[in-house]
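Q:
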Amino acid sequence: MYIHRVALTLLSAMLVVLLAACGGAASNPSPTPTTETPPTRTPRPTAAANPAATAAPTTATEPTAAAGGATERPPVTNTDIDVTALGNVQVEMKIDGLLKTEGQADEPIKLSFLEIWLQNGDRSLTIESDSPDTGVSRIIYLQIGAQAYQYVESGSDRNCLNITGSDMFTGSILTPDSLIGDLQDARLAERGVRVNGFTTDRYTFNLTEQALGYQGQANGEIWVSSNPAVVVRHVGELTGTITGDALDESGAPLPGALSNLRWEYNVTKLTGNTTLTLPEVCEQLQATGADIPLPPNISNQMRMGELISFETTDSAATMATFFQTEMVANGWQAGETSQYGDTYQLTFSKDGRTATVMISTDNNKTSVIILLASS
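In terms of mature numbering (1 follows the signal peptide of the UniProt record, and there is no 0), the sequence shown is residues -25 to -1, 1 to 350.
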């Protein structure tokens, strides 16, 4: 069982959310997997904005009470599973609680993770937190067709990054398994309960652990479907004390207490006509540079604000010829051109806008950066 790892997991996740929302994610668009390295103290988040609503559990008309409430292992307990075979589905995890550190003000923790998988291959992951300094911080990763986007919202700032040739969903969301490990056994409480579009059996659990520098208890309920085999709903509360895991700014250990940590995990079936919608900033990004021609056989393409970049195995001279020809064909007027070896800079203008194309070669790859601006 892994209860004693929860403080490290949570604080690392908070660092991912808050650092990315402050702009750190723009230079590394792939979401950072949760790690278990000892964290330093983080900005204190407060209550997060309400995430998308999850279907409330509803009881079947005539659920069957379990015989004797026997302790047994449910048919499936692992929440870190592939849900793509379930059709259009939403996975949501909400966490809230309080982190207490000796000599410090209490730190409320409230995070939400919302992942949507569609049968057509489109998917999204939304991570939300709240901070007294920046307000709501939200990161949304979207994969729509062949295009991947990262949207970051922090305070009044809104930014979008469009990138191809990269998996922006590396890693996974926090799940109950991240907090208490893979549940080994539970007490069967009720059969035939209808929850989130699935027919499930309901179990209860109560776990206690003592380890070096840690003691704690977790209890809750788990709703499990046998066909398909999936954990549909998982709720619980974790109370414990951890000593020496959190570090201050100098790296010294801080005595700490983690109390009243609650989680709610739901897998919900969605309608067949569900679609993903781009945030407005990402839609504007699509329109920016729509009249900029791009050659075939490119990789690592990225759009952010008024910048477009990509790599290719074609030579710098081939790229220069391509843009000199295709930009004019798209209504751009050629301006100054400069060249030094395999480095080119081309300028173009159109309808009060300018486009500067910079081409260079390094390690047998040609890099192209296009900067757009209003003149």
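Even glycine gets a Cβ: it sits at the ideal position worked out from N, Cα and C.
In three-state DSSP terms, what is Ile148?
A: coil
Q: Just to confirm, are Val207 and Val170 a CB contact at a threshold of 8 Å?
A: yes
Q: Starting from the Cα of Asn194, find the closest Cα among Gln94, Ala204, Tyr178 and Leu61 and give me that residue.
A: Tyr178
Q: Can you give me the C-alpha to C-alpha distance between Glu281 and Ile115, rounded to a whole angstrom?
A: If I take the Cα positions, the gap works out to 20 Å.
Q: Can you list, in chain order, the stretches of the alpha helix (DSSP H) that have 4 or more residues and sit fully within the region 56 to 132?
A: none
Q: I'd like to know whether the C-beta atoms of Thr287 and Pro270 end up nearer to each other than 8 Å.
A: yes
Q: With 8 Å as the threshold, decide whether the Cβ of Val210 is near any Cβ in chain D.
A: You won't find chain D in this structure, because it holds only one protein chain.
Q: By how many angstroms is the C-alpha of Gly172 removed from the C-alpha of Ile138?
A: Going from the Cα of Ile138 to the Cα of Gly172 covers about 35 Å.
Q: For residue 351, name the three-state secondary structure that DSSP assigns.
A: Outside the shown range of the chain, which is -25 to 350, sits residue 351, and nothing can be said about it.
Q: Taking just the CA atoms, how far does Gln118 sit from Arg278?
A: Each residue's alpha carbon lies about 15 Å from the other.
Q: For Thr246, I'd like the list of residues in its chain whose CB is within less than 8 Å of its CB, leaving aside the five on either flank, ordered along the chain.
A: Asn63
Q: By DSSP, does Ile344 sit in helix, in strand, or in coil?
A: The answer is strand: DSSP assigns Ile344 an E or B state.
Q: Please return the same chain residues whose Cβ sits closer than 8 Å to the Cβ of Ala35, not counting the five positions on each side in sequence.
A: Here Ala35 scores only 37 on pLDDT, less than 50, and its place in the model should not be relied on; the value that follows carries that caveat. Here the set comprises Gly167, Val168, Arg169 and Thr174.
Q: Skipping 5 residues on each side, what residues in its chain have a beta carbon closer than 8 Å to that of Ala31?
A: With a pLDDT of 40 at Ala31, under the threshold of 50, the modelled position of that residue is not reliable, and no figure is offered here.
Q: Rounded to whole angstroms, what is the Cα-Cα separation between Glu67 and Phe88?
A: Going from the Cα of Glu67 to the Cα of Phe88 covers about 6 Å.
Q: Is the Cβ-Cβ distance between Ile70 and Ile56 less than 8 Å?
A: Inclusion of Ile70 and Ile56 in the CB contact set at 8 Å is not warranted, their separation being larger than that value.
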